[in-house]
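Chains as they are written, first to last, in our numbering: chain X, 197 to 528; chain A, 146 to 540.
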Amino acid sequence: MDPNKLIHRDPGEEADGVASRLAKGAVRDIVETILRWRHADIRLIFGSIVVVLLVGARIAAAFIDVDQLQTYLEVERTSGFSVGAGFQTTNCRAVDGLLLGNDRNGYALSATLLEATQAFFFPALMSCAIALFFGTLLGAVAGYFRGGMLESGTKLLLTVIAAYPRLILVIVAVGFFVAYLHDPGRAVGMRLLLMAAMLGIAYVPVLALAIYQKVGAFQREQFVEAARAHGLSDTRILGYHILWANCMPVLARHFFYLFGYFILVETSLSYLGPEYGVPGSIPSWGNLLAGCSKGELMSAAVIGPSVAIVTSILGLTFLGDAIGERFERGRT
Amino acid sequence: MSTDATPAYAPAEGAILTARDVWVGVQVGKIIKPIVQGGRITVPRGGILGLVGESGSGKTQFVRHLMGLSSLEPGVFGGSAIYSIGDGPPVDVLENVTQFAPYRPPQGEELFPQRERIGWAWPLWRRRHRKRLALLRSLGVGFIFQNPVGALNPFLRVGTQLMEAVRVAHPKATRQEAEEGAIHWLAQVHLKPDKHTLSLYPHELSGGMAQRVMIALALAGEPKFIVADEPTTGLDSHIRLEIVGLLNRIMGQGNLSGIVISHDLPMVARLCDRLTVMYRGRVVEEGPIAALGDPESDSHPYTRELKERAEALAKGRHARTKGGVEKTGGTGVVVGTGCIYRSRCAIYEAGLVDKERCERDQPPMQDIAEDHRVACHAEDVAGALNAAQAGGDHG
């Protein structure tokens, strides 16, 4: 029996039916999309958005014309600018129409927040590069060539580095550098790079230990033995079969952790004062927070950098976790 | 238990691999347990050797150490393994091991290997050993593993792994050529030769497919010498037959030499030209595969026991051997003086051999036919065994 014969249709109902089916289809699409998103990895989405925002901020920071902004504010000032309610302190008055307010020099805090990404973006990348390169190298060598002087020596070196708390190591190194440099003006960029290098080195034992354990575990796997039996070189087995194919989750995780950790360290040191972190003349999230605590900025201005710091670190950590898990889950 | 301090080994004529007096040990607490005791094999050029023995007899570890594929400590500490692959001079991958190893094989009444020297130079020997093994692999050797899924990198596609193996034989191959090579080897092992198969991950393969990929991987390096370590273990009977047929075809063509390690006697009989039997870390018999075919032929009592058990299993009745001697003595390597098989030996039980000698001396390998040796004190092994079994049946 044809089931269509049981359904009575007339032309008018047919036209209404098309519209209704389209509407139902749209609703169904929306519901399905929501259901799909229910299964989506929120950490991955959130982390990706944060990274896009960070990269976007860093690019935007390169195009911010500070002089033009100041000129605009000067015009406002001469014409008798209005004071925003709740944004006034003894040192600073707020300009209306600026998102997140302004500092005492008249710069918009929103622009300063964007500009502050310059203080950590490339140094954090440099820090990650140093940690990933040396951490992977030392961990892989110690893990693969076990039972010899190479393993003992590498582990000793890592233990010595790890014996110093990371933050203290960075503070000591930067302090040492500042004390011995006669030209403080030239020291600004160098200090950031030194901070990045020291944090990278301080993080090497963490990464090296993770890679050491991973390589050691994989080295006992039969596929490594099989690769050796098939005539592949140790370099190929270690570099491709173990590190590239199997340690990528660890590397991805630590890359994002360290990036976030660098933001935290840079912010903390800058908050402590110009002798530890980024000098006050350079925009930095830590300097903004320090400005708020010293009364140089309006108290409400603390919201912007605080949210930016927390969101960035959270997003990067989430993204590291999500990508690491995706690497592990995707191919097994 | 005899090993000279400076043995002068020579490759057997027409052999691609000659291993003599190989000792392999593993550290257990404070002692070194010898898991291979004076192991010897001869693989003829263009021939396949079957290495059989029950589980725990040390056959896999023996061959793995000959190919440098084991991480046991201290590992091999005595003997010689001379490969004559290619046109170059023979390579002894265990050259001078006796002079450098910190341990020496037990002598006289000693049960375990003894530490002979501090072994400062042992790491240097190992480094040189690794170089020799690398040279050996460059000459063309392949290995088919027992557990194919474990032997494939779980994070790399089948195609990637096959293309790598192709590039071992052809280092200058382009990506396109390597891919074509990989597809060629897929076809050789009766897998669908297309890009879809290349794109699969190991966990997407069935047991039979994984074993075929493993065989393709071993062959892709175009080896002249190949080892198959229990290649059909864990497969169902249908797939097992297919794999044996495939191995038979592959090993039968060209001048491929190799070793098949197994306790599946019918498979060994089908694939191999020669047979070496190991029992608890020792080689007890070596000779042509024809010795397997005839149950009444001259052979070591243990070999005959293996044959009878295989036949009994095939006939579907309980494995009961002639002679009535209790045959369940456990498995694994044992140490001790005298013949280690005597507790299960029908000849010994029937008193057809000098019992004191069996308890005191390790039986030497004696020629019982042309190119056929057994480790037994009995002068006429086959006769004594037949008499013992006849007596046991009547009793």
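Even for Gly, the Cβ is constructed at its ideal location relative to N, Cα and C. As the structure is a prediction and not an experimental result, all values here were calculated from the model.
DSSP places residue 265 (chain A) outside both helix and strand once states are collapsed to three, so it counts as coil.
Scanning chain A for C-beta atoms nearer than 7 Å to the C-beta of residue 421 (chain X) yields 214, reported in chain order. Using a 10 angstroms sphere on the CB of residue 399 (chain X), the tally of other CB atoms reaches 16 or more, which defines it as buried.
Sixteen is the threshold: when 16 or more other Cβ atoms of the shown chains lie within 10 Å of the Cβ of residue 445 (chain A), as they do, the residue is buried.
Its chain contains 479 as the residues whose beta carbon lies nearer than 6 Å to that of residue 308 (chain X), once the 5 sequence neighbours on both sides are disregarded; these appear in chain order. One alpha carbon belongs to residue 297 (chain A), the other to residue 410 (chain A), and they sit about 27 Å apart.
With respect to residue 532 (chain A), residue 497 (chain A) sits close: the two C-beta atoms are nearer than 8 Å. Closest option to residue 246 (chain A), judged by alpha-carbon separation, among A:196, A:191 and A:266: A:266. Rounded to the nearest whole angstrom, the C-alpha separation of residue 321 (chain X) and residue 465 (chain X) is 18 Å. Relative to the Cα of residue 472 (chain X), the nearest Cα in the group X:390, X:254, X:250 and X:404 belongs to X:390.
Looking at the backbone, the Cα of residue 188 (chain A) and that of residue 356 (chain X) are separated by about 53 Å.
If you look at residue 389 (chain A), you'll find it in the alpha helix (DSSP H) that goes 382-397. In this structure, DSSP gives residue 423 (chain A) an extended state, which the three-state scheme calls strand.
Using a CB distance cut-off of 8 Å, residue 522 (chain X) does not count as an interface residue toward chain A. The region 182-196 of chain A makes no contact with the region 348-364 of chain A; the number of CB pairs closer than 8 Å stays below 3.
As DSSP reads the structure, residue 163 (chain A) sits in a beta bridge with A:187 and A:227. When the five nearest sequence neighbours on each side are left out, the beta carbons in the same chain lying within less than 6 Å of the beta carbon of residue 512 (chain X) are those of 452, 455 and 456, in order along the chain.
Its Cα nearest to that of residue 333 (chain A), the residue A:365 stands out among A:365, A:454 and A:196.
By the Cβ criterion, the region 280-300 of chain A is in contact with the region 418-425 of chain X, since at least three pairs of Cβ atoms, one from each stretch, lie closer than 8 Å. Residue 283 (chain A) has its alpha-carbon roughly 17 Å from the corresponding atom of residue 289 (chain A). Among the CB atoms of chain X, one or more fall inside 8 Å of the CB of residue 295 (chain A). Straight-line spacing of the CA atoms in residue 238 (chain A) and residue 249 (chain A) works out to 18 Å.
Apart from the 5 residues on each side of it in sequence, residue 459 (chain X) sits with its Cβ closer than 7 Å to the Cβ of 316, 320, 505, 508 and 509 in its chain, given in chain order. The three-state reading of DSSP puts residue 519 (chain A) in strand, counting E and B together. Taking the Cα of residue 286 (chain A) as reference, the smallest distance to any Cα among A:234, A:254, A:161 and A:302 is reached at A:161. Within 7 Å of the CB of residue 428 (chain X), the CB atoms of chain A belong to 309 and 313, in sequence order along the chain.
Using a Cβ-Cβ cut-off of 8 Å, residue 283 (chain A) is close to 427 of chain X, given in chain order. Measuring C-alpha to C-alpha distances from residue 427 (chain X) to each of A:419, A:433 and A:310 identifies A:310 as the nearest.
Close partners of residue 268 (chain A) in chain X (Cβ separation under 7 Å): 344.
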